[in-house]
Every structure is written in structure tokens, then in C-alpha cells.
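**Student:** The sequence shown lines up with residues 222 to 525 when you count with our numbering.
Idealized CB from N, CA, C, for every residue including glycine.
Got a structure here, written out as C-alpha cells. Questions coming.
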Amino acid sequence: MKGTNITHNRQDIIFKKMSVLFKNETLKYYELNLPKIISVKPTELPVINVSNQNMDFVFELEDNSLLHLEFQTTWKKADLLRFAQYDIALYQKERRKINTVVIYSGKYESAENELDMGSNKYKVLQVFMIKYDGIKRYEEIKGKIEKGEPLTDKDLMDLVFLPLMRNEKSEEEMTKEALELAITIPDENKKEAVIGSLLGFSDNYVREEYLNKLKEVIRMTKIGASLFEEGVEKGKREGKREGERKGKLEERKELIIEILNQRFGEDFDKRLEEKVRKANEETINQIKKNILSITIEELKEILK
């Protein structure tokens with residue numbers, strides 16, 4: 222996942238919601254002939270760092286093979302090498318066949334799909350979302366919701382992939398609009414599944430600074446509340462730990478002051494005492510390390 226975008230707890234929530242949407246589905250709507258998806262498979266590969274900190278999407282398929290899904294809004298040949306490295310690490314862990322699909326945003330009509338390494342070749346399947354009219358699909362899905370018509374599986378899937386379809390707006394703007402539309406879905410389970418999938422996939426093409434706008438959109442939904450509360454609780458825990466750390470530092474300072482008073486008597490005056498109290502942790506550790514051998518001159522030098 223991107224650095225601070227999605228924590229492990231949030232990732233678990235998102236994967237659960239995605240499982241609701243993708244279970245028993247295929248990517249047939251996007252011209253891919255693959256077995257049905259059985260589950261979303263959270264996969265951590267600590268052996269090799271190749272994912273650029275984005276969330277990795279691996280799905281378990283009906284035939285016991287795996288689907289590795291990648292999203293690209295840019296194209297570089299080095300990306301193929303990155304995908305290959307990831308798949309080798311994934312195969313080493315799972316020992317299963319891997320189908321790698323790269324989904325390109327509406328900016329691309331073609332891209333290389335094979336890495337020729339001599340006797341070894343690595344090849345990926347590709348989906349070019351420029352084939353699909355994002356504006357048209359948005360209006361069609363919106364119209365169905367407004368009329369109270371049930372959404373098909375294809376409607377739900379298209380809503381998730383809407384930000385990558387052919388459109389005049391950016392992927393970020395369309396992610397926001399897709400989330401706003403998803404919030405109006407009457408069926409709570411489908412709503413949560415679409416929102417979770419949009420959030421998960423958007424980690425690959427939404428800038429970190431844009432995430433607050435998305436958070437505001439989903440804030441009042443159940444999944445938004447779950448993700449937001451998890452962040453608040455994490456903040457509280459971190460704040461508590463920081464408070465405890467500062468408390469222990471203050472205790473160490475008072476103990477050091479007491480020892481220095483005993484060692485130097487009147488030479489350790491109120492001015493030096495105050496400097497110790499204001500000193501940072503690194504300075505306190507330096508004094509503590511040498512507290513039985515330090516001279517008053519050396520102490521004054523450290524506290525300058």
C-alpha cells in the first residue's frame with residue numbers, strides 16, 4: 222500500500238468488501254477468459270520489495286490458479302520487470318499458476334506485454350479501458366439508481382472500474398464521482414462492496430494529498446466510519462505512547478538533576494538545572510552515559 226494510505230486493519234476491511242463484489246465473478250466484461258474468482262487473497266511478500274508500496278491484488282480462481290491484478294496510469298518497460306519480480310516471489314510462496322492482468326487507464330491504446338529475457342519470456346494479459354465510455358456508463362448507472370432499478374453485476378463492476386475508463390476527467394476526479402454515486406446505491410451490501418473496491422483500487426492511482434477529499438465523501442457511510450474510527454483509534458494509541466515516552470524522559474531528567482546536585486553541589490546551579498529540564502532526549506542520553514565521570518565544564522559544554 223502506499224506509505225500511509227491504508228493500514229493493515231483498513232486493508233482487511235477493504236479486502237472483505239471486495240470479496241463480496243468479486244466472489245464468483247470473472248473479468249468477462251473486459252474480454253478476459255479466466256476462471257471465476259473465489260476470493261480476494263491478501264498476500265505479503267517480505268522477500269522482495271517490488272510493489273512500490275501500492276496495495277497488491279491477488280485473487281484465488283476456481284481452478285486453483287491465481288489472478289494478479291495491476292493498474293497502470295503510466296507505462297514504462299521497467300514495470301514489466303517489476304511485475305515479473307513480484308510474480309516470481311508470489312510463485313515461490315504459493316507454487317500455483319499465476320495469471321497477471323494489467324489494466325491500463327483510458328490514456329492508453331496499446332503497450333508492450335512481453336519481457337524477452339532470452340530463453341525466458343514473461344508475458345501479461347492486458348485490458349485497455351479506453352475501449353469503454355466512462356461518461357456513458359456513469360450516466361446509465363446513475364439513471365438506474367435514480368429510477369430505483371436494480372443494478373446488475375456488470376453495473377457494479379463498471380462502477381468500480383469507472384475511474385479508469387475513457388473520460389475527460391482525471392482518475393482522481395472520477396474516483397470521487399464514482400464514490401458519490403456508490404453512496405446512493407440502496408442495497409447496503411452492494412454499496413459497501415463497491416466503495417471498498419473503489420478505495421482499494423484507488424490506492425494505485427490517487428495521489429496521497431487527494432485522499433482527504435475521498436475520505437470526506439465516504440465519511441458518513443458504515444465503511445467510512447470503520448476506516449475513520451480505526452485511524453482515530455490509531456492516533457489515540459500513538460498519542461498515548463508518545464505521552465508515556467515523554468513522561469519517562471521527564472523522570473530521567475529529574476533523576477539526573479538529583480545525581481548532578483549530589484556530585485557538584487553549588488556548582489550545579491539553578492541555571493544548569495533548568496537547561497537539563499529543557500534538554501532533548503539525545504542530550505539527556507549523552508549526560509546519562511557519562512554521569513559519573515563528566516566534569517562541570519563538560520556538562521556546561523553539552524548544555525550550550
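If you draw a straight line from the C-alpha of residue 304 to the C-alpha of residue 251, how long is it?
**Tutor:** Working through the sequence shown from its first residue, we reach residue 304 at position 83. Working through the sequence shown from its first residue, we reach residue 251 at position 30. Answer to the nearest angstrom: the Cα atoms are 21 Å apart.
**Student:** Mind listing, in chain order, the continuous beta strand (DSSP E) runs of no fewer than 3 residues lying wholly within the region 276-348?
**Tutor:** Those beta strand (DSSP E) runs which fall completely within the region 276-348 and span 3+ residues are 278-282, 287-293, 319-325, 335-337, 342-344.
**Student:** Check residue 514 in the structure and name its three-state DSSP category.
**Tutor:** In the sequence shown, counting from the first residue as 1, residue 514 sits at position 293. Coil at residue 514, not helix or strand.
**Student:** Taking residue 405 and residue 366 to be in contact with their CB atoms under 8 Å, please state how far apart those CB atoms are, rounded to whole angstroms.
**Tutor:** Start at 1 with the first residue of the sequence shown, and residue 405 comes out as number 184. Start at 1 with the first residue of the sequence shown, and residue 366 comes out as number 145. Confirmed, about 5 Å.
**Student:** What is the residue span of the beta strand (DSSP E) that residue 261 lies within?
**Tutor:** Working through the sequence shown from its first residue, we reach residue 261 at position 40. First-last of the beta strand (DSSP E) with residue 261: 258-261.
**Student:** Determine the extent of the alpha helix (DSSP H) in which residue 253 is found, giving its start and end residues.
**Tutor:** For the purposes of this step, residue 253 is identified with residue 32 of the sequence shown, where counting begins at 1. First-last for residue 253: undefined, no H or E at that position.
**Student:** When DSSP labels each residue in this structure, what does residue 354 get in the three-state scheme?
**Tutor:** In the sequence shown, the residue the question calls residue 354 occupies position 133. Three-state result, residue 354: strand.
**Student:** Quick one: measure Cβ to Cβ for residue 280 and residue 426, integer angstroms, because I've assumed they're closer than 8 Å.
**Tutor:** For the purposes of this step, residue 280 is taken as the residue at position 59 of the sequence shown. For the purposes of this step, residue 426 is taken as the residue at position 205 of the sequence shown. With 8 Å as the limit, residue 280 and residue 426 do not qualify as a contact, their Cβ atoms being about 19 Å apart.
**Student:** Give me, in chain order, the residues of the same chain whose beta-carbon lies closer than 6 Å to that of residue 245; leave out the 5 immediate sequence neighbours on both sides.
**Tutor:** Position 24 of the sequence shown holds residue 245. Within the same chain, residue 245 has close Cβ partners 257.
**Student:** Whose C-beta lies closer than 6 Å to the C-beta of residue 454 among residues of the same chain, with five residues either side of it excluded?
**Tutor:** Your numbering for residue 454 matches position 233 in the sequence shown. Caution applies to residue 454, whose pLDDT of 48 falls short of 50 and renders its modelled position unreliable; the model cannot decide the point.
**Student:** What is the DSSP secondary structure of residue 428, reduced to helix, strand or coil?
**Tutor:** For the purposes of this step, residue 428 is taken as residue 207 along the sequence shown, with counting starting at 1. Looking at residue 428 - three-state DSSP - the assignment turns out to be coil, as it is neither helix nor strand.
**Student:** Can you list, in chain order, the residues of its chain with a C-beta nearer than 7 Å to that of residue 523? Leave out the 5 residues immediately preceding and following it.
**Tutor:** Taking the sequence shown and counting its residues from 1, the one referred to as residue 523 is at position 302. Here the set comprises 504, 507, 508.
**Student:** Report all residues from its chain with a CB closer than 7 Å to the CB of residue 480; omit the five preceding and five following residues, and keep chain order.
**Tutor:** As a working mapping, residue 480 is identified with position 259 in the sequence shown. Here the set comprises 512.
**Student:** Based on Cα-Cα distance, which residue from 285, 313, 475 lies nearest to residue 261?
**Tutor:** Translated into positions along the sequence shown, residue 261 becomes position 40. It is 285.
**Student:** Within the chosen definition, does the region 306-325 reach the region 390-400 through at least 3 CB pairs nearer than 8 Å?
**Tutor:** Judged by Cβ distances under 8 Å, the region 306-325 makes no contact with the region 390-400, as fewer than three pairs qualify.
**Student:** Leaving out the 5 sequence neighbours to the left and right, which residues in its chain are closer than 7 Å to residue 419 when beta-carbon positions are compared?
**Tutor:** Here residue 419 refers to the residue found at position 198 of the sequence shown. Closer than 7 Å at the Cβ level, and outside the excluded window around residue 419, lie 381, 396, 399, 400, 403.
**Student:** With a threshold of 8 Å, are at least 3 pairs of Cβ atoms found where one atom belongs to the region 336-348 and the other to the region 371-381?
**Tutor:** The region 336-348 vs the region 371-381: no contact.
**Student:** From what residue to what residue does the alpha helix (DSSP H) around residue 417 run?
**Tutor:** On the sequence shown, residue 417 is found 196 positions in, with the first residue counted as 1. 409-423 is the extent of the alpha helix (DSSP H) around residue 417.
**Student:** Find the nearest neighbour of residue 530 within the set 432, 421, 499, judged by alpha-carbon distance.
**Tutor:** As shown, the chain starts at 222 and ends at 525. That puts residue 530 outside it, with no answer to give.
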